[in-house]
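For the record, the sequence lines run as chains L and X.
Position in the first sequence counted from 1, then plus 60, gives you our numbering.
Position in the second sequence counted from 1, then plus 60, gives you our numbering.
We put the CB at the ideal spot given by N, CA and C, even for glycine.
Working notes, beginning with the structure itself.
2 protein chains.
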Amino acid sequence: MGGDAAPDEIVRGAALASTATDIETMLVGDEARIQAILDQVAYNPENLSIVPATDVIGMGDDPRLVRERKHSSLVLAVRAAADGRADAVVSAGNTGACILAAADQFALLPGIRRAALASVYPRQVEHEGQDRLALLLDVGATVRCEAEELVQLAIMGSAYARRISKVPEPRVGLLNMGSEESKGGAVLVDAHARLRRQPAIRFVGNVEGNDLVRGKADVIVCEGLVGNVALKLLEGISETLGELARAAAEQRLVWRVGLRLLSQGVERVQALTDYTQYGGSPILGFEHLFIKCHGRSNARAIVNAIKVAAKGVRDRVPTEMREALARMR
Amino acid sequence: MGGDAAPDEIVRGAALASTATDIETMLVGDEARIQAILDQVAYNPENLSIVPATDVIGMGDDPRLVRERKHSSLVLAVRAAADGRADAVVSAGNTGACILAAADQFALLPGIRRAALASVYPRQVEHEGQDRLALLLDVGATVRCEAEELVQLAIMGSAYARRISKVPEPRVGLLNMGSEESKGGAVLVDAHARLRRQPAIRFVGNVEGNDLVRGKADVIVCEGLVGNVALKLLEGISETLGELARAAAEQRLVWRVGLRLLSQGVERVQALTDYTQYGGSPILGFEHLFIKCHGRSNARAIVNAIKVAAKGVRDRVPTEMREALARMR
């Protein structure tokens, strides 16, 4: 029930996944509305079931409402995973509420004090075999982080990328205001030194804001305030590019001709910032996987998110993270 | 002598300013090299003089070299302003060295503990009469800021924008990870509350990363780490767009046709991120004005920076800042 186009696009995405994959999806929400949408599309009932929920948490609601609305679709979906009836959760709903609902019901991985929100976003590729998607974390579950927490983010993000992107040794970077190890104040200097001595990750040093759209690192760690500003800036520029493309398409013939000729190039730039076309991003730090989709997710984004969640479960991503954290120095 | 295209583009810019304006520019640097460049261009000798300097600080040099290289062009240019022989300094050189040279020789404004580096960059306009340029500060002179320092940034930035952009009441925003006043941790919550009660500025509340490319605020304040990452991210995206435009222009005819048809649109997006085409950005907090240009500045950027510096002097920007700071609550 969460998302700007919910439940329609969410249900359509799950229906698509039911016919295109062998993943079993439980749709948690308003049974009658969900069934009415399903009646209009093709789906495989063997891979799709409905778990009724009588309440919702709105996109603009205070996240703390998860503690009152025990029968909301979000709270019930998280409970299904906590109880072992589901293996992972996918939601395009209220981000703060997703993090809080997970924090209330999921166990944290050993050594982790609080969850982190990652963002998967496309960027340019510099190295052979590199995934075109990078992982930026934390993007808003925290404000400040201690050095140890930044190292934990690096270890969890690296484990996630190793499994989901199948890059055997993801490049890990520390987002900073300069490439030198002396930059960024005491916490970042300490984090840099600790990251240097981690055996489980491939640390490539500090990265700067411009490196976010380049391929210097595959996993970029930072405190939530910085990550959130960077992510939303990428989002803002993506929207501006989208507005340009739409305006051009609507305007007049020469524009349309121009756009067609340039479409490859415009798409290349747009793909660089338009992360909404990609499934979802993980909330990391729990024993269970939670894939958080962008609020504007359409059916295609939901299918991709369901696939990412299933891949994460099959590839035992939480176990991978637990084992990597145990080797932390 | 500072800048990626120095001294050529710097000297050419000063020569242009000498014929196009009544501003008197002192070129500080290698006298023979400067004169050789001047011999190739048109200039008005009444508005142009050379102050010989035998040393330079390189773009990649440790900024602390300003304390050893007393005869570098940067140190001598700052000294000329500190001694009253010049009214303001313009440089496209090593940013850290510029800040340090100014800190060593200029007096801080009353109440200010350390200087801030601002960035002037173009963005979309939302309100009537709004300047298409916004001011983001601090972008790297600090790492963290206290709440009081963020308020000082707001007051100085607002005074600068009021004079330079001629917007009578610039909108001031606090860069944060949410629009609610409760967001961003103790320092930002405190800064928000203090900004609310400032009589001298028009505070529009928290702004988020995506607002940086929109017109919600004209002056955006943040600690240096966040501002530096945001600025360099804008720079990285600008470079990517520039590469696309160049690749398209070089590739083949249909691309060139497409590019011409779309040029207005591509330029609109590029202008949104390509801040290199605009003069320079101020180092704020001193009794003297220092306009820091981007390292890649060409002659046009230098002319604009010289004009901005002269405008700031004529409009008594440091006095405006001193008076606004005195009214701080």
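Excluding the 5 residues flanking residue i on each side, which residues of the same chain have their C-beta closer than 6 Å to its C-beta?
i: Ala246 of chain L; result: none
i: Arg204 of chain L; result: Glu283
i: Gly171 of chain X; result: Leu385
i: Arg231 of chain X; result: Arg262, Val264, Ala277, Asp278
i: His348 of chain X; result: Ala141, Phe166
i: Leu285 of chain X; result: Val203
i: Gly244 of chain X; result: Asn236, Met237
i: Val88 of chain L; result: Val111, Ala113, Ser133, Leu136, Ala137
i: Arg192 of chain L; result: Pro182, Val185
i: Glu295 of chain L; result: none
i: Val363 of chain X; result: Gly73, Leu76, Ala77
i: Gly287 of chain L; result: Leu196, Asp198, Val199
i: Ser109 of chain L; result: Met86
i: Ser357 of chain X; result: Gly63, Ala152
i: Asp82 of chain X; result: none
i: Arg312 of chain X; result: Residue confidence for Arg312 of chain X is low, a pLDDT of 49 falling below 50, so the modelled location carries little weight; the figure read from the coordinates is stated next. Cβ neighbours of Arg312 of chain X beyond the five flanking positions: none.
From the options, pick the residue whose C-alpha is nearest to that of residue i; which is it?
i: Ala65 of chain L; options: L:Ile94, L:Phe350, L:Arg256, L:Gln258; result: L:Ile94
i: Arg60 of chain L; options: L:Leu248, L:Leu195, L:Leu87; result: This structure cannot settle anything about residue 60 of chain L, because the visible part of chain L is limited to 61 through 389.
i: Arg239 of chain X; options: X:Glu229, X:His252, X:Met119; result: Per the sequence shown, the amino acid found at residue 239 of chain X is Ser instead of Arg. Ranking X:Glu229, X:His252, X:Met119 by Cα distance to Ser239 of chain X puts X:His252 first.
i: Gly63 of chain L; options: L:Tyr220, L:Ser133, L:Thr79, L:Asp82; result: L:Ser133
i: Gly153 of chain X; options: X:Val138, X:Gln190, X:Ser218; result: X:Val138
i: Asp198 of chain L; options: L:Leu169, L:Pro123, L:Ile83, L:Val289; result: L:Val289
i: Thr85 of chain X; options: X:Glu69, X:Asn107, X:Ala102; result: X:Asn107
i: Val116 of chain X; options: X:Arg174, X:Ala157, X:Asp99; result: X:Ala157
i: Ala175 of chain L; options: L:Asp143, L:Gly217, L:Gly144; result: L:Gly217
i: Ile70 of chain L; options: L:Arg382, L:Glu383, L:Arg360, L:Arg173; result: L:Arg360
i: Gly340 of chain X; options: X:Ile297, X:Asp121, X:Leu177; result: X:Leu177
i: Asp392 of chain L; options: L:Val281, L:Glu206, L:Ile280, L:Gly118; result: Lying outside 61 to 389, the shown extent of chain L, residue 392 of chain L is not represented and no answer is given.
i: Ala161 of chain X; options: X:Ser179, X:Ala201, X:Glu295, X:Arg254; result: X:Ala201
i: Glu208 of chain X; options: X:Pro123, X:Asn364, X:Arg124, X:Arg173; result: X:Arg173
i: Phe350 of chain X; options: X:Thr155, X:Val281, X:Glu241; result: X:Thr155
i: Gly275 of chain X; options: L:Thr300, L:Val273, L:Arg254; result: L:Thr300
i: Ser179 of chain L; options: L:Arg254, L:Ile366, L:Lys367, L:His354; result: L:His354
i: Ile343 of chain X; options: X:Ala365, X:Ser357, X:Asn358; result: X:Ala365
i: Lys292 of chain L; options: X:Asp68, X:Val273, X:Asp82; result: X:Val273
i: Lys367 of chain L; options: L:Asp121, L:Ser225, L:Gln100, L:Glu91; result: L:Ser225
i: Lys371 of chain L; options: L:Arg254, L:Tyr220, L:Glu91; result: L:Tyr220
i: Gln100 of chain L; options: L:Asp68, L:Asp143, L:Asp164, L:Ile280; result: L:Asp68
Within its chain, find whatever has a CB closer than 8 Å to the CB of residue i; leave out the 5 residues flanking it on each side and keep chain order.
i: Met388 of chain X; result: Gly171, Val211, Gln212, Ile215, Gln258, Ala260
i: Gly390 of chain X; result: Residue 390 of chain X cannot be examined here, being either before or after the span of chain X that is shown, 61 to 389.
i: Leu321 of chain X; result: Note that Leu321 of chain X scores a pLDDT of 49, beneath 50, so its modelled location is shaky; the value from the coordinates is reported in the next line. There are no such residues.
i: Leu169 of chain X; result: Met216, Gly345, Phe346, Glu347, Pro378, Met381, Arg382, Leu385
i: Met119 of chain X; result: Gly62, Gly63, Asp64, Gly153, Asn154, Gly355
i: Ser242 of chain L; result: Val249
Quick one: what's got a C-beta closer than 7 Å to residue i's C-beta in the same chain, skipping five residues either side?
i: Pro228 of chain X; result: Arg222
i: Arg374 of chain L; result: none
i: Thr79 of chain X; result: Ala102, Tyr103, Asn104
i: Ala369 of chain X; result: Ala148, Val150, Leu349, Ile351
i: Arg256 of chain L; result: Phe263
i: Pro123 of chain L; result: Asn154, Gly156, Ala157, Leu160
i: Val314 of chain X; result: Any reading at Val314 of chain X is ruled out, since the residue's pLDDT is 49, under 50, leaving its predicted position unreliable.
Closer than 9 Å by beta-carbon distance: list the chain X residues that pair up with residue i, in chain order.
i: Gly200 of chain L; result: Met237, Gly238
Taking residue i as the query, report the chain L residues whose CB atoms sit under 8 Å from its CB, ordered along the chain.
i: Arg204 of chain X; result: Gly245
Within 8 Å of chain X by C-beta, residues of the region 284-303 of chain L in sequence order: Gly284, Leu285, Val286, Asn288, Val289, Ala290, Leu291, Lys292, Leu293, Leu294, Glu295, Gly296, Ile297, Glu299, Thr300, Leu301
Cβ pair count under 8 Å reaching 3, the region 71-83 of chain X against the region 375-383 of chain L: With fewer than three CB-CB distances shorter than 8 Å, the region 71-83 of chain X does not count as touching the region 375-383 of chain L.
Touch test, the region 262-281 of chain X against the region 226-243 of chain X, Cβ-Cβ under 8 Å, three pairs minimum: Because the criterion of three Cβ pairs below 8 Å is met, the region 262-281 of chain X and the region 226-243 of chain X touch.
Near-chain X residues of the region 160-193 of chain L (beta-carbon distance less than 8 Å), N- to C-terminal order: Gln184
Three or more C-beta pairs below 8 Å linking the region 128-136 of chain X and the region 92-110 of chain X: These segments do not touch.
Three or more C-beta pairs below 8 Å linking the region 179-195 of chain L and the region 148-156 of chain L: no
Interface residues of the region 222-234 of chain L facing chain X [CB-CB below 7 Å]: Shown here is that no member of the region 222-234 of chain L has a Cβ falling below 7 Å from a Cβ of chain X.
Residues, ordered as in the chain, of the region 257-273 of chain L that lie near chain X by beta-carbon distance below 8 Å: Within the region 257-273 of chain L, those residues whose Cβ lies closer than 8 Å to any Cβ of chain X are, in chain order, Glu268, Gly269, Asn270, Asp271, Leu272, Val273.
Near-chain X residues of the region 345-357 of chain L - C-beta to any C-beta below 7 Å: none
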